[in-house]
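Undergrad: This is the structure I want to talk about, given as structure tokens.
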DNA sequence: CGCCTAGTTGGCAGCGACTGCCAAATATGA
DNA sequence: TCATATTTGGCAGTCGCTGCCAACTAGGCG
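Chains as they are written, first to last, in our numbering: chain A, 1 to 200; chain B, 201 to 400.
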């Protein structure tokens, strides 16, 4: 861990890095499979480790928490979110910028099916939902300065917070409905519908 | 537990009920004190039980989870919320109805100081925040039919969800700012400010 | 008053997520 | 090939929480 053995682009150099990559993927896949098969709460870390062929201790070294086994490192979400939004043209409307961020995050999923499965799990498991909301709250705080700067005359903290939280609230409402409809339609359309209902 | 020994109004009848009441209060106070003194995560159930003079087992019988030690049964929040909103005149605007609900929930705190202390703890402790958001999400779902019915032409699920979630988002932004300002000003004023920022 | 019963309490063992510590295994570079 | 840097696994322990069972106690009855 002294230096990352893979150069940003990909192509793992050392054997270690390749093995790590492989193990990581194996764990992730096993976890997702078991979660969808028997539910998140009904799947223990011990079982995942056993079926993935690693020790519990190692599993925790790869992924710090059980939640991280879903969706890899969700920290990437935050990264993509802030990056996308700060890349928006300075004169773009706050709502437009936020929309772009939301779209970018949604695009992070490998496939429509994977996204649906994850959202389904997320919305049907209380503990997962709680964790996700918590992490999201941190993203929101990260976004604060970016959004505040984009508001007319530099908005106040509460106003900027409210705007950000509203965008996420719409994403929530949209994804929840999307799951209920078994993935029919486009989430972003639902998002727009939600935002329209709010901003009337 | 076969029948509640106190008639709705108050006046605990049996000695048992009185003892229970007393123990419950003692636990609650001890917990809140320790939480504010050393932080939520740094306070163990064992310590609370010890200092409150009950066994851990009993503590868990009174309050099912560690979170419940803050703010008693938060289920009351949900109750007050739905009650208040359904009591609003049928022709009232959705936003007005929601505002009334929010105000009613805020009025549930014993004092300004207590509210500030609770909010401070809530916003500074990740695990608490997560639990609270989760519980709130359930309240939101309870509100869905009520709000949907009040929207023009009976709104769709996503729209109603978005509206409700936005109201809570504003409450979040407001309370967070309120805490940062050490309780200066009125939360509802901040709430209005937030809502205005969102609805432009 | 004494006893029986129902409700209450406490202690113990155990589960699951998670961490620290130490020893064994393994890839790497000289 | 050997010394070194890393990685891995196992073990014990913490913390929230639950089930189970034995000890206790208030309340009602004769």
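No residue lacks a Cβ here, since even glycine has one placed at the ideal position from N, Cα and C.
(1) Could you compute how far the alpha carbon of residue 203 of chain B sits from the alpha carbon of residue 216 of chain B?
(2) Does the stretch 122 to 133 of chain A touch the stretch 322 to 340 of chain B, meaning 3 or more C-beta pairs lie closer than 8 Å?
(3) Below 6 Å CB to CB, which residues in the same chain sit around residue 184 of chain A once its five sequence neighbours on both sides are set aside?
(4) May I ask you to list, following chain order, the residues of the stretch 124 to 150 of chain A that have a beta carbon less than 7 Å from some beta carbon of chain B?
(5) How would you call residue 46 of chain A, buried or exposed, if buried means at least 16 neighbouring beta carbons within 10 angstroms?
(6) Establish whether the CB of residue 320 of chain B and some CB of chain A are separated by less than 8 Å.
(7) Using a Cβ-Cβ cut-off of 8 Å, state whether residue 188 of chain A counts as contacting chain B.
(8) Does the stretch 334 to 354 of chain B touch the stretch 142 to 162 of chain A, meaning 3 or more C-beta pairs lie closer than 8 Å?
(9) Check the Cβ of residue 357 of chain B against every Cβ in chain A and list those closer than 9 Å, keeping chain order.
(10) Determine the chain B residues that contact residue 99 of chain A at a beta-carbon separation under 7 Å, and present them in chain order.
(11) In whole angstroms, what separates the C-alpha of residue 269 of chain A from that of residue 164 of chain A?
(12) Using a cut-off of 9 Å between C-beta atoms, extract the partners of residue 198 of chain A located in chain B.
(13) Taking only beta-carbon atoms, is residue 113 of chain A less than 8 Å away from chain B?
(14) Within 8 Å (strictly less), CB to CB, does residue 91 of chain A reach chain B?
(15) Between residue 242 of chain B and residue 249 of chain B, which are expected to be in contact by the criterion C-beta below 8 Å, what is the C-beta distance as a whole number of angstroms?
(16) Taking the alpha-carbon positions, what's the residue 190 of chain A to residue 37 of chain A distance?
(17) Is residue 41 of chain A helix, strand or coil when you go by DSSP?
(18) Report the option in A:170, A:25, A:158, A:168 whose CA atom is closest to the CA atom of residue 386 of chain B.
(19) Residue 91 of chain A by DSSP, collapsed to three states: which one?
(20) When you check each C-beta in the stretch 49 to 68 of chain A against every C-beta of chain B, which residues fall closer than 7 Å?
(21) State yes or no: is the beta carbon of residue 193 of chain A nearer than 8 Å to at least one beta carbon in chain B?
(22) Can you find a CB in chain A that lies within less than 8 Å of the CB of residue 303 of chain B?
(23) Given residue 368 of chain B, which residues of its chain have a CB within under 7 Å of its CB, disregarding the five upstream and five downstream residues?
TA: To lay it out plainly:
(1) In this predicted model, residue 203 of chain B has a pLDDT of only 39, less than 50, meaning its place in the structure is not dependable enough to derive any value.
(2) yes
(3) none
(4) Those residues of the stretch 124 to 150 of chain A that come within reach of chain B (Cβ to Cβ, closer than 7 Å) are 126, 129, 130, 131, 133, 134, 137.
(5) Exposure of residue 46 of chain A is indicated by the presence of fewer than 16 other C-beta atoms within 10 angstroms of its C-beta.
(6) no
(7) no
(8) no
(9) 173, 176, 177, 180, listed in chain order.
(10) Going along chain B, no residue has its Cβ under 7 Å from residue 99 of chain A, so there is no contact; the nearest lies around 14 Å.
(11) No answer is possible for residue 269 of chain A: it lies beyond the span of chain A, which begins at 1 and ends at 200.
(12) Within chain B, the C-beta atoms nearer than 9 Å to that of residue 198 of chain A come from 359, 362, 363, 365, 366, 398, 399, in chain order.
(13) no
(14) no
(15) With a Cβ gap of about 16 Å, residue 242 of chain B and residue 249 of chain B do not count as contacting.
(16) When the Cα atoms are used, residue 190 of chain A and residue 37 of chain A turn out to be separated by approximately 28 Å.
(17) Assignment of residue 41 of chain A by DSSP, reduced to helix, strand and coil, places it in the coil class.
(18) A:158
(19) coil
(20) For the stretch 49 to 68 of chain A, the set of positions with a beta-carbon nearer than 7 Å to some beta-carbon of chain B is empty.
(21) yes
(22) no
(23) The beta carbon of residue 368 of chain B is closer than 7 Å to those of 336, 340 in its chain, skipping five residues each way along the sequence.
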